[in-house]
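This report concerns only the one structure given below.
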Amino acid sequence: MAARLVQRCCRRLFGGSTFAPLAIPASLLAPASKTVIARALPQAALASLHTSTLSRQTDKLSVKEQVYSGYPEHREIEELIEAASSPEDLLHVAEHHCLNGNQASTVVIQLSRLVAEKKLETESILQDSRFQQVLNVLNSQLSRVWNSSLLPLLKSLHLLGLERHKRELRSVKQEVRWRLRRLNFRQIASLAEYMAASEQAEDQNELLSDVVKHLELRWTEIGDTRAVVTLMVKVGHLSQTLMDRLEDKALEFAEQFTAEDIRKVALALALQNRRSVPLLRAISYHLVQKHFILSTSVLVDLAFAYGKLNFHQTQVFQKMASDLHARVPEMAHGDVGRCIKSFAYLKWLNLPLFEAFAQYTLDNADRFTVLQLCNVILSFARLNFQPSRSENFYNMVHEKLGDQLGSLDPHLLTDLVWSLCVLQQVKTPYLQSVLAPPFYSQLLDDQTPRGQNYRLKLMHINAAARLECPSYQGPFLPPEALSAPEPPGDRKATPLQSSLQEVLNEVAKDEVNRRFNVHTVYGWQLDAEMMLNSDNQPLPIKDFAAPHLLQSEGTKPPPRGTRRIAFLRWEFPNFSSRSKDLLGRFAMARRQMQAAGFLIVDVPYYEFLELKSKWQKAAYLKDKMNKAVGAEMAK
Numbered sequence: 001m002a003a004r005l006v007q008r009c010c011r012r013l014f015g016g017s018t019f020a021p022l023a024i025p026a027s028l029l030a031p032a033s034k035t036v037i038a039r040a041l042p043q044a045a046l047a048s049l050h051t052s053t054l055s056r057q058t059d060k061l062s063v064k065e066q067v068y069s070g071y072p073e074h075r076e077i078e079e080l081i082e083a084a085s086s087p088e089d090l091l092h093v094a095e096h097h098c099l100n101g102n103q104a105s106t107v108v109i110q111l112s113r114l115v116a117e118k119k120l121e122t123e124s125i126l127q128d129s130r131f132q133q134v135l136n137v138l139n140s141q142l143s144r145v146w147n148s149s150l151l152p153l154l155k156s157l158h159l160l161g162l163e164r165h166k167r168e169l170r171s172v173k174q175e176v177r178w179r180l181r182r183l184n185f186r187q188i189a190s191l192a193e194y195m196a197a198s199e200q201a202e203d204q205n206e207l208l209s210d211v212v213k214h215l216e217l218r219w220t221e222i223g224d225t226r227a228v229v230t231l232m233v234k235v236g237h238l239s240q241t242l243m244d245r246l247e248d249k250a251l252e253f254a255e256q257f258t259a260e261d262i263r264k265v266a267l268a269l270a271l272q273n274r275r276s277v278p279l280l281r282a283i284s285y286h287l288v289q290k291h292f293i294l295s296t297s298v299l300v301d302l303a304f305a306y307g308k309l310n311f312h313q314t315q316v317f318q319k320m321a322s323d324l325h326a327r328v329p330e331m332a333h334g335d336v337g338r339c340i341k342s343f344a345y346l347k348w349l350n351l352p353l354f355e356a357f358a359q360y361t362l363d364n365a366d367r368f369t370v371l372q373l374c375n376v377i378l379s380f381a382r383l384n385f386q387p388s389r390s391e392n393f394y395n396m397v398h399e400k401l402g403d404q405l406g407s408l409d410p411h412l413l414t415d416l417v418w419s420l421c422v423l424q425q426v427k428t429p430y431l432q433s434v435l436a437p438p439f440y441s442q443l444l445d446d447q448t449p450r451g452q453n454y455r456l457k458l459m460h461i462n463a464a465a466r467l468e469c470p471s472y473q474g475p476f477l478p479p480e481a482l483s484a485p486e487p488p489g490d491r492k493a494t495p496l497q498s499s500l501q502e503v504l505n506e507v508a509k510d511e512v513n514r515r516f517n518v519h520t521v522y523g524w525q526l527d528a529e530m531m532l533n534s535d536n537q538p539l540p541i542k543d544f545a546a547p548h549l550l551q552s553e554g555t556k557p558p559p560r561g562t563r564r565i566a567f568l569r570w571e572f573p574n575f576s577s578r579s580k581d582l583l584g585r586f587a588m589a590r591r592q593m594q595a596a597g598f599l600i601v602d603v604p605y606y607e608f609l610e611l612k613s614k615w616q617k618a619a620y621l622k623d624k625m626n627k628a629v630g631a632e633m634a635k
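In full-length UniProt numbering, the protein residues as written are 1 to 635.
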C-alpha cells in the first residue's frame, strides 16, 4: 500500500498535462477567506502544500470527485465521447486524442451502452487496435479512475466480453478490491447484486467474497426498503450472517413495505427455506392492516411462500382466499395449479375457493398437462376435498389420465393411485397398474426412507383393493410385502399417546386385555386394540386369531358376539387448519380400519387433553367405547 501511495503521488506531480490542478493559480487553491495568505506564501512552499493536499485527498475514504474541466481540450474530448452515436465514433476519438484514465473508462462505458442498446457484436470491437489502445491507457492509469466510474467500468468490460484472463480485466477487479473501503454502501450493494447474478470464476468468487464481507460489516448503513429487499433477493443466499442482518433490517422497515416488497421478501425467505417467524408475522400484520390491493401474481407467490415455509396466518389466508375467489375464472391454469398445491401444503381448505378451483379445472381440462392434473388430484386427496360435481369431475380425470398411466413416473403413479384411493375414486386399471409384480418390486427394493414411505402407500392401496373394491379380483401384494417398516427407535411418545396408554391400562384392567402400537397388514398403525365379549367385558386379546396381523399370536377363533375395538388418536397435525376435519390420509385410515371389522374409538387431542384427571379420561374412553358398540348394534 505504501508503494502504491508513493506511485500515485509521483504520478500526480510528474504525470504531465493530464493533471490540470498543478497549473492552477495558487489563489484558487485556498478557501475564499484565506486567499490573501495563500498569495503571500513562497512558490516552493505553495507547491509543497499543494502536493501534500493532493496525496491526502487521494487516500481519503470519501472523495468528492469532480470532472477536471480546467483545460478546453479536456472538455472537448468529453463532449466528443458523450456525443458519439456509434462504436466507430468512440474509437475515432480514442485514436485522435490523448486520453487520460477517466476518459478511457468513459469510452469503455459508452461502448458497452451502445452495444447493449443496438445489440451489436463485440468481437470486432475487442480486436480493434484502437480499443486495445484504450485498454492500455486504462491499465497504466487505473489508479486515477474515479470510484463512480470504476464499477460501471468493470460491468462494461464484462458486457463487452473481455476474456477473464486478460490483464486489464484482472487489474480492474484487483483495483475494486483495494478500493472497497472507499466505496459507499450503495456502490458495494450494486456491485454485490451484479456479481451474484453473473457467472462466477475463481477471481470473481474472491471479489464477491470480499464484497459480501463488507456488506456484513456495514449492514447498518442500509437506509431504505429498496436496498434491503434487493439484497435479500439477490445476495442474501450467499451468506447466512448477512441474511440474518438483512432480516433484522427488513423487520425495521416492514411498516414501509409495499405489496411488491412483501412479495419479494416472502419469496426470498421461501427460496432460501428461512422460516423467520418475527419477519413473517410482521409482513402478515401489514398485509392485513393496510388493506393492500393485491394482484393475482402477488397472491399466487404469497401462497407459495407461506406454503413452502409452512407458516400459518389465518387472516392472511382468508384475505387471499376472498381476493382469489372472484378472479379464478380469469387466472392462468398454471397459477390455479400452484394455488391448489400451496393451500394443500398449508392444509387450508376454503370450500368456496376450492369449489371454484374444481370448476375451473373441469372447464379448462384441455389446458392442464397430465402432471398438473395429477398435482390437483394429490392436493384434493391431502385435504380430503370432494367437489360438489364430483361425478363430472372424476369422469374428466379418468378420461384424461386413463391412457397415460404407463407413461407416468413410478412414484408419481403410486401417488396418483393412492390419492384416488383416499378420494374413493380408484378403478380397477389403476389398481392393476401398481399391484402388478413387475411394478411394485422396483419400489419394494428401495430401503431408503423415501422407499419405505412408498412401501406404506402400496400397502394402503392393497388394503383399498381388498376392503373397498369388491369387484377387484387381483393381483394383490404378496404376504412378504405386508410387513410395515419399523418407525425410528428414538421417536418420543407424544403427550396424547402416553396419556392414552396410561389410561387404557386402567380401562383394560390387565395388560393381556390390550395391545399397543399395533402394525396391521393394511399399513396402518393402531394406537391400541381391545376385544370385548357380548357383555362388553375385555377378553385376553393375545389368545385369539388376528387376521389384521402378519403373524397372529393366538389361534383360537373369537367367541360369537366379540367386537374388536381400535383406538385411534388424532393429533393436531392430523386435521385441516382451523378445522376438526381429518386430512385425507387419516380419513382413509379410519375408513379402512372400519371396513376391516373394527369399531373405531376416536381420541382427538382437542377433547382428550382437556380432561385433567385419570378418572375423567377413563370415563371418556368407556363412554366412547359404549357409543361405538351402541352404534354398531343399531345397524
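C-beta: ideal position from N, C-alpha, C; glycine also.
All values derive from a computational prediction rather than experimental measurement.
- DSSP lists no beta-bridge partner residue for Asp363.
- DSSP, reduced to helix, strand and coil, places Lys341 within a helical segment of the structure shown.
- Looking at the DSSP output, Met530 shares a beta bridge with Arg514, Ile565.
- Counting other Cβ atoms within 10 Å of its Cβ, Trp348 reaches 16 or more and is therefore classed as buried.
- In the DSSP annotation of this structure, the continuous segment of the beta strand (DSSP E) that includes Ile600 starts and ends at 598-604.
- Shown here, Pro449 sits in a helix according to DSSP, grouped into three states.
- Considered as a whole, the stretch 302-344 harbours 314-325 as its complete alpha helix (DSSP H) runs of no fewer than 4 residues, in chain order.
- DSSP places Asn505 in the uninterrupted alpha helix (DSSP H) bounded by 495-508.
- As computed with DSSP, His519 is found in a beta bridge with Gln525.
- According to the DSSP assignment, Pro429 belongs to the alpha helix (DSSP H) that extends over 428-435.
- Gly161 counts as exposed, since fewer than 16 other C-beta atoms from the protein chains shown sit within 10 angstroms of its C-beta.
- Within the stretch 131-169, the complete alpha helix (DSSP H) segments of 4 residues or longer fall at 147-159, listed in chain order.
- Each residue's CA atom was taken as its position, placing Val265 and Leu242 some 15 angstroms apart.
- By the Cβ criterion, the stretch 614-623 is not in contact with the stretch 576-588, since fewer than three pairs of Cβ atoms, one from each stretch, lie closer than 8 angstroms.
- Residue burial annotation: His460 is buried, with at least 16 other C-beta atoms found within 10 angstroms of its C-beta.
- Bounds of the alpha helix (DSSP H) holding Glu123 are 123-127.
- Per the coordinates, the alpha-carbon of Thr225 lies some 10 angstroms from the alpha-carbon of Glu255.
- By a beta-carbon distance limit of 8 angstroms, Ala481 does not contact His548. Their separation comes to about 16 angstroms.
- Taking Asn513 as the centre and dropping the five residues before and after it, the same chain places the C-beta of Met530, Met531, Pro538, Leu539, Pro540, Ile541 closer than 8 angstroms to its C-beta, in chain order.
- Distance from the CA of Asn136 to the CA of Glu88, rounded to the nearest whole angstrom, comes to 18 angstroms.
- Closest in C-alpha terms to Asn147, from the list Arg186, Leu383, Ala463, comes Arg186.
- In the three-state reduction of the DSSP assignment, Pro475 falls in the coil class.
- In this structure, Cys374 and Leu416 form a Cβ contact; the two beta carbons are roughly 5 angstroms apart against a cut-off of 8 angstroms.
- The DSSP-derived three-state label of Pro558 is coil.
- Restricting attention to Lys635, Ala259, Ile262, Glu216, the CA atom closest to the CA of Gln240 is found in Glu216.
- Taking Gly451 as the centre and dropping the five residues before and after it, the same chain places the C-beta of Leu443 closer than 7 angstroms to its C-beta, in chain order.
- Residue burial is scored here from C-beta neighbours: Ser483 has fewer than 16 other C-beta atoms within 10 angstroms and is therefore classed as exposed.
- For the pair Leu99 and Val134, the CB atoms are nearer than the 9 angstroms cut-off.
- Here the stretch 361-368 makes no contact with the stretch 580-596; the two share fewer than three CB pairs at distances below 8 angstroms.
- For Val107, the enclosing alpha helix (DSSP H) covers residues 101-118.
- Under the Cβ criterion (8 angstroms, minimum of three pairs), the stretch 307-315 does not count as touching the stretch 349-357.
- Residue state for Phe439 is assigned as helix, using DSSP reduced to three classes.
- For the pair Arg569 and Leu611, the CB atoms are not nearer than the 9 angstroms cut-off.
- The shortest CA-to-CA distance from Ser156 to any of Phe257, Gln110, Gly101, Phe516 is the one to Gln110.
- Here the alpha carbon of Leu142 sits roughly 8 angstroms from the alpha carbon of Glu175.
- With respect to Ala305, Val235 sits apart: the two C-beta atoms are not nearer than 9 angstroms.
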